[in-house]
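**Q** In terms of this note's numbering, the sequence shown has 751 at position 38, counting the first letter as 1, and numbering is strictly consecutive.
Glycine included, every Cβ here is placed at the ideal spot set by N, Cα and C.
Okay, handing you the structure first.
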Amino acid sequence: MTDEVLNFANIHSKQGITSVNFTYHFTVVRTNFFRVLLFSVFLSLFPRISAYARQTITIPEVVDAEITLDGVIEEAAWSKAAQFRLLMHTPQNNVDASEATDAYIMYDAEYLYVAGFMADSEPDKIQAPTKRRDDLGLDNDWFGIFLDTFNDKENALAFFVTPSGLRTDYQTFNDAQGSFPINADWNTFWDVTVNQNGEGWSAEMRIPISSLRFQDDEGKVKMGMTVIRYVSRKVEWSTYPNISNQWGFWSPFKPSQFAEASFNNLNSRKPFYVAPYLLGGITQRNLLNGTETEYEIENTTELEPGLDVKFGLTSNLTADVTLNTDFAQVEADNQQVNLTRFSLFFPEKRLFFLERASTFDFGFGQQDRLFYSRRIGIQNGEPSRIYGGARVVGRAGSWDVGFLTMQTAPAGELSSRNNGVLRLRRQVINENTYVGGMMTSLLGTDGSQNIAYGFDGVFRLFSQNYLTAAWAQTFDDDSNSDMLSTQPSRIRLNLENRDYSGFIYNLDYSYSGALYNPGLGFQNRSDFTRLGSSIGFGWIPEDHPVINRHQVRTEGFLFINNATGSAETAEAGPSYNLSTKKSQSLNIDLKYIYEDIPFSFSLGDNVSVPSGAYEFFGSNFSYETSTSRLYGATISGYTGTFFDGWRHTVGLSPRWGVSSSLSLSGLLQVNYITFPDRDQRLTATVARLRALYMLNTTFSVSAFTQYNSQAKGIVSNIRIRYNPREGNDLYIVFNEATNTQRDRLNPILPLLNNRTLLLKYTYTFTL
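Printed below as a string of structure tokens:
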């Protein structure tokens, strides 16, 4: 299906195809899926069996704690809190930390209180280079807590603070499995203050019970919990409880390894927040006149109200309702160079879609998924109006529940559409195994429709060996799909070992029918069978003076066109990654690539790749300097053949924490592509400069400008944010897009493409 976000790769008319044929016999046995489904149901009949002996701790209730939130742990109530000392996690595991950390936790009827005293033998070297909300990096010292509020051993909420008072909250999901298993854009209501002295620094957190969703049995509550401290200059992590580092960098983030915290009189509180907003602004666009002889400026103004409401349906289910939805304050996407024939993938940044977003995960590997929230309210890379909608997420009994409905306005040739999603899943057998289902619907007022549904499961077999299974089907008004046919279906089976160290492997099988078309999902190609595998070995040498962890593996995959039985894409080769105790990292790989291109596609500037079969070789590399320093850079590149030519790519991403009030970062990526036999060459460049000024933790100004030679344009964005308290926000946003190479079209393009100045004010009432 076509992507509805930025896409610079164009598909042209079909030409002759040269392919390499494989002896290939593929039969999809329809009953296999139903056997898997029946087996999943059979598993769900059994009680769950705990896989780990978890450390337990009881969190005391303190009536009328009367904590003055000043960062100084001196109130008498703190003496009644649960107290514990953190142990070093890395560079050595389960030993005393070089800088001691004592943590305190307690609660009353309104709040959960968390405090920490972070001793430091060199307090003048404490690092806190930023004050901006959620701008937490490894060049900061920080302290905080993870709470697996539903005790599902898979998802958790994080609350962290730095010595400058910077607040960060986010969600981790999928038991911290994957390349970036956190949702850093999630925010909720809570407060924290810090204090520094000659012995170190301390913090006091106050988290409203209404900001946490959990199941209580007449006040009896169990949550997963981990407390973490990070000392940047030493690249030292400390945790309570001690957690093995066998899973690599994300080890301390894994909910399955948390301690179990018991609360004996904790009653849930249903939140009720009403957040009206007012948006006003002016937009200028250069549009062709009626005779298409020149461009004329069109000015439009807007002044619109909107409303967001959040309330608790039950102690475990939260509803969000939005009217006249607007996301004007959301930062623009980072520009990318597309050197493939496929659509680009962009992450979700809109807060409405982010709370417990992992509940809606239904993936098929890579970036393919049954539900991709950016399908809603974004058409052809541009925001489209959302009239409103509702979202329910949480837990009902043993089931994780997610429901979403949004009504979008007509956009271009598309009618107004209702976007609907229903997601259910539950744990079975043990805390790392679940089965579930999802259904999505896309219903247009013109009678168009697209329906998708499927079942999935993750099964922990033994130790760190997991089986993932997923199956889905789609139907729309343009197809004559048969429910018993594999043509509208998508299937995936994956068997893997999730350890970082020791022997590791991954075996993957995927199938997509020709009629599979998830209207609210993301899929780059159809009618294929994919076979993939990797094997490797990893080491975590705790006593090595330089190396923190390193891993070698060889991996490959093969895409087979179901219609022809021939190979469409193949890739194979070895790779090596290394992380040092100073937080430097190195990645390098060698690749053999085979591509059978059915249609020619454009790379831009009259440079294209003709249809045909190609074999080429190349190598990728990246090196990142120490992330614990206030300045650094990532250097990356590729060199090798590229279809019937050559490609050489180099990228540089510098960063500099100038002070606690100013930080700078940038990107320069240059791709030089040449096809000597066809006398074609292309230089594709992306450049980005970003600056952030922070007066304090409540007022910030961010600005960036991006240049993309493929898009032949420059995009600039300035955001001023004043956030005196959670839920009370004033944004002033300026966006501008300008054209480069203006004489490429007739009439000549104007310098200004469009410009917008917006002001948005939101005030949240707590009822």
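For the candidate residues Trp914, Phe886, Gln890 and Ile895, whose alpha-carbon lies nearest to that of valine 874?
**A** Taking the first residue of the sequence shown as position 1, residue 874 is located at position 161. Residue Trp914 is the option with its Cα nearest to valine 874.
**Q** Out of curiosity, what's the CA-to-CA distance linking arginine 1211 and tyrosine 1307?
**A** What you label residue 1211 is simply residue 498 of the sequence shown in a count that begins at 1. What you label residue 1307 is simply residue 594 of the sequence shown in a count that begins at 1. When rounded, the distance between both Cα atoms is 28 Å.
**Q** Alpha carbon to alpha carbon, how far is lysine 1138 from aspartate 1021?
**A** Start at 1 with the first residue of the sequence shown, and residue 1138 comes out as number 425. Start at 1 with the first residue of the sequence shown, and residue 1021 comes out as number 308. The amino acid occupying residue 1138 in the given sequence is arginine; lysine does not appear at that position. Straight-line Cα distance between these residues: approximately 27 Å.
**Q** Verify whether the separation of the beta carbon atoms of phenylalanine 1066 and arginine 1104 is less than 9 Å.
**A** Position 353 of the sequence shown, counting from 1, holds the residue named residue 1066. Position 391 of the sequence shown, counting from 1, holds the residue named residue 1104. Contact flag set, yes.
**Q** Do isoleucine 1099 and leucine 1470 have their CB atoms nearer than 9 Å?
**A** For the purposes of this step, residue 1099 is taken as residue 386 along the sequence shown, with counting starting at 1. For the purposes of this step, residue 1470 is taken as residue 757 along the sequence shown, with counting starting at 1. Cβ distance not < 9 Å, so isoleucine 1099 and leucine 1470 don't count as in contact.
**Q** If glycine 1234 sits next to alanine 1165, beta carbons under 8 Å apart, how far is it from one beta carbon to the other, in whole angstroms?
**A** The count along the sequence shown starts at 1 and reaches residue 1234 at position 521. The count along the sequence shown starts at 1 and reaches residue 1165 at position 452. About 7 Å; that satisfies the 8 Å criterion.
**Q** Return yes when the Cβ of glycine 1019 is within less than 9 Å of the Cβ of leucine 1000, no when it is not.
**A** By one-based count along the sequence shown, residue 1000 stands at place 287. By one-based count along the sequence shown, residue 1019 stands at place 306. Contact: no.
**Q** Measure the C-alpha to C-alpha separation of proline 1437 and leucine 1472 and round it to an integer number of angstroms.
**A** Taking the sequence shown and counting its residues from 1, the one referred to as residue 1437 is at position 724. Taking the sequence shown and counting its residues from 1, the one referred to as residue 1472 is at position 759. For proline 1437 and leucine 1472, the distance between alpha carbons rounds to 17 Å.
**Q** Distance check for aspartate 1240 and alanine 1511, CA to CA, integer angstroms please.
**A** Any question about residue 1511 goes unanswered here, given that the chain covers just 714 to 1480.
**Q** Pick out whichever of Thr1118, Val1141, Arg1136 and Gln1140 has its Cα sitting closest to the Cα of arginine 1130.
**A** Within the sequence shown, the letter at position 417 stands for residue 1130. Out of Thr1118, Val1141, Arg1136 and Gln1140, Thr1118 has the C-alpha closest to the C-alpha of arginine 1130.
**Q** Under 9 Å, do isoleucine 922 and asparagine 980 count as touching if we go by C-beta distance?
**A** The residue labelled residue 922 in the question sits at position 209 within the sequence shown. The residue labelled residue 980 in the question sits at position 267 within the sequence shown. Yes; because the gap between Cβ atoms is below 9 Å, this pair is in contact.
**Q** Does the Cβ-Cβ distance between serine 1111 and valine 1134 come in under 9 Å?
**A** Here residue 1111 refers to the residue found at position 398 of the sequence shown. Here residue 1134 refers to the residue found at position 421 of the sequence shown. Their beta carbons are not under 9 Å apart, which means serine 1111 does not touch valine 1134 by this criterion.
**Q** In chain order, what residues of the same chain have a beta carbon less than 6 Å from the beta carbon of glycine 1215, not counting five sequence neighbours either side?
**A** Taking the first residue of the sequence shown as position 1, residue 1215 is located at position 502. Same-chain partners within the cutoff: there are none.
**Q** Under the three-state reduction of DSSP, which class applies to threonine 1072: helix, strand or coil?
**A** The sequence position of residue 1072 within the sequence shown is 359, counting from 1. In this structure, threonine 1072 counts as helix in the three-state DSSP scheme.
**Q** Aspartate 865 and proline 968: beta carbons closer than 9 Å?
**A** The residue you call residue 865 lines up with position 152 of the sequence shown. The residue you call residue 968 lines up with position 255 of the sequence shown. Yes, these two residues count as a Cβ contact at 9 Å.
**Q** Which of helix, strand or coil does DSSP assign to asparagine 1290?
**A** For the purposes of this step, residue 1290 is taken as the residue at position 577 of the sequence shown. Note: asparagine 1290 maps to strand in three-state DSSP.
**Q** Quick one: what does DSSP say leucine 1064 is sitting in, helix, strand or coil?
**A** As a first step, residue 1064 is located in the sequence shown; it is residue number 351 there, counting from the start. Of the three classes helix, strand and coil, the one that applies to leucine 1064 here is helix, per DSSP.
**Q** Which whole runs of the beta strand (DSSP E) in the region 984-1022 are 3 residues long or more, in chain order?
**A** Complete beta strand (DSSP E) runs here, min 3: 985-1001.
**Q** Of the choices Asn1319, Phe1330, Arg1266 and Gly1251, whose alpha-carbon is the least far from that of glutamate 1284?
**A** For the purposes of this step, residue 1284 is taken as the residue at position 571 of the sequence shown. Comparing Cα-Cα distances from glutamate 1284 to each of Asn1319, Phe1330, Arg1266 and Gly1251, the minimum goes to Phe1330.
**Q** For valine 1322, count the other beta carbons within 10 Å of its own beta carbon; 16 or more makes it buried, fewer makes it exposed. Which is it?
**A** Here the question's residue 1322 lines up with position 609 in the sequence shown. Classification of valine 1322: buried, given that the 10 Å Cβ count is 16 or more.
**Q** Does the region 808-818 touch the region 845-853, meaning 3 or more C-beta pairs lie closer than 8 Å?
**A** No, they do not touch.
**Q** Would you grab the beta carbon distance between alanine 828 and tryptophan 791 for me? Rounded to a whole angstrom, and I think it's under 8 Å.
**A** Along the sequence shown, read from residue 1 onward, the residue named residue 828 stands at position 115. Along the sequence shown, read from residue 1 onward, the residue named residue 791 stands at position 78. 6 Å between Cβ atoms; contact.
**Q** Would the region 1404-1419 count as touching the region 1381-1396 if we require 3 or more Cβ pairs under 8 Å?
**A** The region 1404-1419 is not in contact with the region 1381-1396.
**Q** With H, G and I counted as helix, E and B as strand and the rest as coil, what does DSSP make of glycine 961?
**A** Reading the sequence shown from its first residue, position 248 is the one you call residue 961. The answer is helix: DSSP assigns glycine 961 an H, G or I state.
**Q** Shortest alpha-carbon distance to aspartate 861 belongs to which of Arg926, Ser1296 and Gln805?
**A** Position 148 of the sequence shown, counted from the start, is the residue given in the question as residue 861. The candidate whose alpha carbon is nearest that of aspartate 861 is Arg926.
**Q** Could you tell me which residues DSSP puts in a beta bridge with alanine 916?
**A** Here the question's residue 916 lines up with position 203 in the sequence shown. Gly829 and Val907.
**Q** Do lysine 1023 and aspartate 1039 have their CB atoms nearer than 9 Å?
**A** Here residue 1023 refers to the residue found at position 310 of the sequence shown. Here residue 1039 refers to the residue found at position 326 of the sequence shown. It is not a contact, given that the beta carbons lie outside the stated cut-off.
**Q** In the DSSP assignment, the beta strand (DSSP E) including tryptophan 657 goes from what residue to what residue?
**A** The question about residue 657 has no answer, for the chain in this structure spans 714 to 1480.
**Q** Among the residues of its own chain, which have a CB less than 7 Å from the CB of lysine 793, if the five just before and after it don't count?
**A** By 1-based counting over the sequence shown, the position of residue 793 is 80. If we look at lysine 793 and ignore the five residues flanking it on each side, its Cβ neighbours are Pro773, Val775 and Met819.
**Q** Residues in its own chain within less than 7 Å of threonine 901 by CB, not counting five upstream and five downstream?
**A** Position 188 of the sequence shown, counting from 1, holds the residue named residue 901. Around threonine 901: Asp882 and Ser924.
**Q** Measuring alpha carbon to alpha carbon, tell me which residue in Tyr1474, Leu1480, Phe1478 and Ile956 is nearest tyrosine 990.
**A** Indexing the sequence shown from 1 puts residue 990 at position 277. It is Tyr1474 whose Cα lies nearest to the Cα of tyrosine 990.
**Q** Leaving out five residues before and five after asparagine 1448 in sequence, what residues of the same chain have Cβ atoms less than 6 Å from its Cβ?
**A** Position 735 of the sequence shown, counted from the first residue, corresponds to residue 1448. Contacts found: Asn1430 and Thr1469.
**Q** Can you give me the start and stop residues for the beta strand (DSSP E) that glycine 857 sits inside?
**A** Numbered from 1 along the sequence shown, position 144 holds the residue referred to as residue 857. 855-861 is the extent of the beta strand (DSSP E) around glycine 857.
**Q** By alpha-carbon positions, which one of Phe1175, Asp1256, Gln970 and Phe1250 ends up nearest to arginine 1266?
**A** Here residue 1266 refers to the residue found at position 553 when the sequence shown is read from its first residue. Out of Phe1175, Asp1256, Gln970 and Phe1250, Phe1250 has the C-alpha closest to the C-alpha of arginine 1266.
**Q** Is asparagine 806 closer than 9 Å to serine 1560 when the C-beta atoms are compared?
**A** Nothing in the structure corresponds to residue 1560, since the chain is present only between 714 and 1480.
**Q** Alpha carbon to alpha carbon, what distance is there between serine 1161 and arginine 1203?
**A** Reading the sequence shown from its first residue, position 490 is the one you call residue 1203. Reading the sequence shown from its first residue, position 448 is the one you call residue 1161. So the two alpha carbons sit approximately 22 Å from each other.
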